[in-house]
Amino acid sequence: MIEFAVNGTLMRGLELNGNLQKVGATFVREAETAPIYRLWTINDRHPAMLRVNENGAAIALEIWSISPAALGEVLMAEPAGLAIGKVVLSDMQEVLGVLGEPFLCEGQKEITEYGGWRAYTKNTKNL
1 MIEFAVNGTL MRGLELNGNL QKVGATFVRE AETAPIYRLW TINDRHPAML
51 RVNENGAAIA LEIWSISPAA LGEVLMAEPA GLAIGKVVLS DMQEVLGVLG
101 EPFLCEGQKE ITEYGGWRAY TKNTKNL
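Residues 1 to 127 (UniProt numbering) make up the sequence shown, in order.
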């Protein structure tokens, strides 16, 4: 099994969480990234997290346990422009997680100041 970090609609209770559940993934814990990421909303449908060299912040996420085969299935159901890469957690552990490709964030609203997708959607109430 692989520890897998999710930072948006795959999280518990959100729109695409069923994609994790249907492949048998199990919730492990809530976590935060190291302060080296920035977050954008993509048309207020889902977030995209990018690693940056400066002015990064910690982003809230969830860690799930998932089989390698199921990870591929979940990725194929993700919106275009999201990919799997290594995510550095606040304790400096590296896990696989969902990251955005830079082109996806061009012209989109940055929401790093909220610290995560749940906080953004709660504070804006527009989703």
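Glycine included, every Cβ here is placed at the ideal spot set by N, Cα and C.
Contact check, residue 8 vs residue 47, beta carbons under 8 Å: Working through the sequence shown from its first residue, we reach residue 8 at position 8. Working through the sequence shown from its first residue, we reach residue 47 at position 47. Yes, they are a contact pair.
Residue ranges of each alpha helix (DSSP H) within the stretch 3-49, 4 or longer: 17-21
What separation, rounded to the nearest whole angstrom, lies between the Cα atoms of residue 108 and residue 44? As a working note, residue 108 is residue 108 in the sequence shown. As a working note, residue 44 is residue 44 in the sequence shown. Taking the straight line from one Cα to the other gives about 9 Å.
Could you check if residue 52 is buried or exposed, using at least 16 other CB atoms within 10 Å of its CB as the buried criterion? By one-based count along the sequence shown, residue 52 stands at place 52. The residue in question, residue 52, is exposed, as its Cβ has fewer than 16 Cβ neighbours within 10 Å.
Would a check of beta-carbon distances place residue 67 closer than 8 Å to chain D? The structure shown contains no chain D; it holds only a single protein chain.
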